[in-house]
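Worksheet: one structure, shown below.
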Amino acid sequence: MNEQTFIHETRSGPWTCTIYLLKSNEGDFSAVGDIAFRGRHRCKLVLCRPDISTEAGIAILKQQCISWIEQIEQAGKPTPPASPEQIRKSSPTDQP
């Protein structure tokens, strides 16, 4: 499986996007784009298109990843919600 990774810088910090090419029929394009922020997976985008080159498919999927990131940034929600484990660690301990 071939992969390409790129970084998209935003005001919240760098986002990492990795595009994994999937097997498809000759002349068709299939790939998955994984988006992560601060080491945590945030989104998986899939693109399957007939009759486009690998280069064109990667460019389209890369733009879709960037568009998704920008929507999250505009909504003001770049960081994923805290896990229950993180909440427990940050809560004050009860002392007698």
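Under full-length UniProt numbering, the residue at position 36 of the sequence shown is numbered 36, and the numbers go up by one with no gaps. Yeah, the Cβ is synthetic: ideal placement off N, Cα and C, and Gly gets one too.
Exposure of residue i, with buried meaning 16 or more beta-carbon neighbours within 10 Å
| i | result |
| --- | --- |
| T93 | In this predicted model, T93 has a pLDDT of only 46, less than 50, meaning its place in the structure is not dependable; the value taken from the coordinates is given anyway. Per the 10 Å Cβ criterion, exposed. |
| G76 | exposed |
| R42 | buried |
| L47 | buried |
| L61 | buried |
Residue closest to residue i, alpha-carbon to alpha-carbon, out of the options
| i | options | result |
| --- | --- | --- |
| L45 | Q63, R38, I52, G76 | Q63 |
| S53 | T5, P14, C17, S24 | S24 |
| V32 | E26, I19, G39 | I19 |
| L22 | A36, W15, E3, T10 | E3 |
| E26 | F6, D51, A56, Q74 | D51 |
| E55 | T10, S30, R11 | S30 |
| D74 | T5, R11, F6 | Note on identity: in this sequence residue 74 is Gln, with Asp being the wrong assignment. The option with the nearest alpha carbon to Q74 is R11. |
Short Cβ contact (9 Å threshold) for residue i with residue j
| i | j | result |
| --- | --- | --- |
| residue 117 | I58 | It is not possible to answer for residue 117, since the shown part of the chain is limited to 1 through 96. |
| I72 | C17 | no |
| D34 | R49 | no |
| R38 | G13 | yes |
List, from N- to C-terminal side, the alpha helix (DSSP H) runs of 4 residues or more that fit wholly inside the stretch 8 to 47. none
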